[in-house]
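In terms of full-length UniProt numbering, the sequence shown is residues 1 to 190.
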Amino acid sequence: MMPPSPSSEDLTEITEVQKPKRRWWVVVAIPLGIFVLLGIGFYPLIQTTAPTPTPKPTPILQESNASTVLSVDSDNATSTPLLVSVPITINTGKNTVSAVELHLSFDPQKSKNASVSAGAFFTDPTILKNEVDQTNGKITFILGSLTPKQGTGVVAILSLEPVGTITLAIDPETKVAAIGEKENVLKSYK
């Protein structure tokens, strides 16, 4: 005797039961396969090493190239009945100077109305700072030029009204910049 053939209801029931199992496997397997393939494809990119740092060059210490001298030229000071003008001279030596940061001090009890202006050393100088502290006897005068220069000349002129014997001094904070030099090229001041 033959087993009874399944009815159409039984077939529908069997098909419906099997479909969800196939869908679940397909839904999980396809994205998992894509994820694995992408992971394998990107693996070399993920394994890149950190960039190698560029080695810093070791600085070569050189002997100072400072050869510039600044001086208060009191021998060539000029005066009118109430005003004394004292040139501040520069001798650049072998340096090609582009800027001067001049710090001067004077006795404020023995002078008044101090001022400073650019001398004729630089062609068309730019005054970056011109500060006179009459109370404390301090002057800061910074000037530079787009046309650096080598040689000797008057870099600044200090003018004031004397009340007694005047003593002027170039302070140690004074700096001179030169082409091709990273440090102050002021060798001495007097």
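Note that beta-carbon positions come from the ideal geometry of N, C-alpha and C, so glycine has one too.
Quick one: Cα of residue i to Cα of residue j, how far?
i           : j    : result
E131        : T140 : 5 Å
V176        : G164 : 31 Å
L143        : E101 : 7 Å
G151        : G119 : 14 Å
residue 207 : Q134 : In the structure as shown, the chain begins at 1 and stops at 190. Residue 207 is therefore absent and cannot be evaluated.
P59         : L160 : At P59, the pLDDT of 49 sits below 50, so the modelled position is not reliable and the matter cannot be decided from this model.
S188        : P125 : 23 Å
T92         : T174 : 14 Å
N65         : V155 : 20 Å
L104        : K138 : 6 Å
K112        : S67  : 34 Å
L168        : S71  : 10 Å
E183        : T96  : 13 Å
S115        : I127 : 13 Å
From this set, the options, which residue's C-alpha is nearest residue i's C-alpha?
i           : options                : result
G153        : I142, I90, G137, E173  : I90
P148        : E173, L158, I157, E181 : E181
L106        : Y189, I170, I34        : According to the sequence displayed, residue 106 carries Phe and not Leu. The option with the nearest alpha carbon to F106 is I170.
residue 193 : K94, I30, A156, P125   : This structure cannot settle anything about residue 193, because the visible part of the chain is limited to 1 through 190.
P108        : L83, T92, P125, N136   : N136
I166        : K138, V69, K110        : K110
L83         : P172, E183, P162       : P162
F121        : G33, V72, I88          : I88
Specify the secondary structure class of residue i as computed by DSSP and reduced to three states.
i    : result
I166 : coil
I179 : coil
Q62  : Low per-residue confidence applies at Q62: pLDDT is 48, beneath 50, and the placement is therefore not dependable, though the value from the model is reported in the following sentence. Reduced to three states, the DSSP call for Q62 is coil.
G151 : coil
G144 : strand
Using 8 Å for Cβ pairs, my map puts residue i next to residue j. What's the rounded Cβ distance?
i    : j    : result
T123 : S98  : Actually they are not in contact, since the Cβ atoms of T123 and S98 sit about 12 Å apart, beyond 8 Å.
V69  : L158 : About 17 Å separates the two Cβ atoms, so there is no contact after all.
Taking only beta-carbon atoms, is residue i less than 8 Å away from chain C?
i    : result
V154 : The displayed structure is made up of one protein chain only, and chain C is not part of it.
Worksheet item: Curious, which full-length beta strand (DSSP E) runs of at least 3 residues does the stretch 72-122 contain?
Response: 84-91, 97-106, 111-118
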